[in-house]
Amino acid sequence: MPRTKIHKLAVIGDPVSHSLSPAMHNAALRKRGAPYRYEALRVAPEKLEAFMKGKARTLAGFNVTVPHKEAVLPHLKRLAYEAELIGAVNTVVNRNGELVGFNTDGAGYLMSLHVDKKFDPRGKRVVILGAGGAARALAVVLSLAQARSVTVANRTLKRAEQLARELAFRLPKSKLLACPLEGKALESALKDCDLLVNTTRVGLGGTSFEDFPWEKLPRRALVSDIVYTPRMTPFLKAAKRRGHPIHTGEGMLVFQGALAFEIWTGLKPDVRLMRRELLKRLGSGRAPRKPERKSPPRRRTARS
18 MPRTKIHKLA VIGDPVSHSL SPAMHNAALR KRGAPYRYEA LRVAPEKLEA FMKGKARTLA
78 GFNVTVPHKE AVLPHLKRLA YEAELIGAVN TVVNRNGELV GFNTDGAGYL MSLHVDKKFD
138 PRGKRVVILG AGGAARALAV VLSLAQARSV TVANRTLKRA EQLARELAFR LPKSKLLACP
198 LEGKALESAL KDCDLLVNTT RVGLGGTSFE DFPWEKLPRR ALVSDIVYTP RMTPFLKAAK
258 RRGHPIHTGE GMLVFQGALA FEIWTGLKPD VRLMRRELLK RLGSGRAPRK PERKSPPRRR
318 TARS
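See below:
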């Protein structure tokens, strides 16, 4: 009897050995009896082009994490609509030798809001802290989900204004605004806010967020952080102390992975199993061990 061909999946990045995606995906693949195996592949920036021309063509698909989410774009045959709007890719599928790029980060975040918190952004006012790649992804999908308004708040106001202006041009039916990460403009944005999302690295080193204008935020507002290690970030702890409902970051990681799984295999994974596997690896909330690196450590977000 001939052996079943095993299709290869992977996550590429640098570093990548600490990724939780292989454990999460392989558990779901085993449960479905799908002939796929998922591994972590370290691809240094200077070797990305060679990888995309060679090894990538032997894979059924792969996830993309830092620092390659934008760098892979020139090597793809085409992009899904959301990936084009976001300007970054986290999932690639090999379709008969053509590499097609998707971004499931934002959609995974929306699924987590719906499933974990029963939150529908339609008609809601959203404030996003930060103006980087994660903020862009969330601003796109929340706008497409018909949020009433999306305000991007950033320390460098010019960057927030640039992001809001660019997305407003691409999404003319959406209301995208910008403000600094402090002062009266932020307080004004918070007073009618329904969803407050932190995508920044602020909060490390024991910062308690006591100086954040929590008193301006309605008690009913859902407070979210895309970081999943630690699950209870300083930002979420501060929100919880003030009675706000909170939304932790691991759901985004699980659901973006589930969407990628379905793109590659055509099968729906056991999402609860994927979450259990992830939380088992996270243990008590401590971050997974990472390889040594010279740059300062960063929080693990659901996009990586």
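Numbering-wise (the working numbering), the sequence shown opens with residue 18 and increments by one. The C-beta atom is built at its ideal place from N, Cα and C for all residues, glycine as well.
The continuous stretches of beta strand (DSSP E) do not include ASP211, and DSSP gives it neither H nor E. Residue burial is scored here from C-beta neighbours: ILE103 has at least 16 other C-beta atoms within 10 angstroms and is therefore classed as buried. Assignment of PRO62 by DSSP, reduced to helix, strand and coil, places it in the helix class. Judged by beta-carbon spacing, LEU234 lies within the 7 Å limit of LEU207, meaning their Cβ atoms are closer than that value. Contact between the stretch 279 to 286 and the stretch 242 to 257 is absent, with fewer than three C-beta pairs closer than 8 Å. Burial check for ASP228: the Cβ neighbour count within 10 Å stays below 16, so the residue is exposed. TYR126 sits buried, since 16 or more C-beta atoms from the chains shown fall within 10 Å of its C-beta. With 16 or more other Cβ atoms from the protein chains shown falling within 10 Å of its own Cβ, ASN107 counts as buried. In this structure, ALA238 sits away from LEU203, with a CB-CB distance that is not shorter than 7 Å.
Per the coordinates, the alpha-carbon of ALA61 lies some 14 Å from the alpha-carbon of LYS72. Between PHE272 and SER129, the gap from beta carbon to beta carbon is short of 7 Å.
Residue state for VAL33 is assigned as coil, using DSSP reduced to three classes. By the beta-carbon neighbour count (other beta carbons within 10 angstroms, threshold 16), PRO189 is exposed.
In terms of CA proximity to THR216, THR168 leads the group LEU76, TYR55, ALA51 and THR168. Taking a C-beta distance under 7 Å as the contact criterion, LEU93 and GLY118 qualify as a contact pair. About 19 Å separates the CB atoms of VAL83 and ALA124; that is not less than 8 Å, and the two are not in contact.
Between TYR55 and SER34, the beta carbon gap of about 14 Å keeps them out of contact (Cβ cut-off 8 Å).
Shown here, ASP242 sits in a strand according to DSSP, grouped into three states. Shortest Cα-Cα distance from LEU116 to any of ARG59, SER36, LYS48 and PHE68 involves PHE68. Look at the stretch 117 to 155 and you find these whole runs of beta strand (DSSP E), each 3 residues long or longer: 142 to 146. Scanning LYS134, VAL132, ALA195 and ALA100 for the CA closest to the CA of GLY147 turns up ALA195. When DSSP assignments are scanned along the stretch 230 to 292, the uninterrupted stretches of beta strand (DSSP E) that are 3 or more residues long and fall wholly within it turn out to be 239 to 242 and 244 to 246.
In this structure ALA57 touches ALA27 by the C-beta definition: roughly 7 Å separates them, less than 8 Å.
About 14 Å separates the Cβ atoms of LEU290 and LEU270, ruling out a contact at the 8 Å cut-off. Look at GLY114 here: in three-state DSSP terms it is coil, with no helix or strand label. ARG293 and PHE136 have their C-alpha atoms roughly 22 Å apart. Rounded to whole angstroms, ARG248 and ARG172 show a C-alpha spacing of 24 Å. Around ALA100, the same chain offers VAL106, GLY118, PHE119 and ASN120 as residues with beta carbons nearer than 7 Å, after the five sequence neighbours per side are excluded. Residue pairing by DSSP places TYR53 opposite HIS24 in a beta bridge. Distances from the alpha-carbon of GLN163 to those of ALA152, PHE186 and LYS192 put LYS192 closest.
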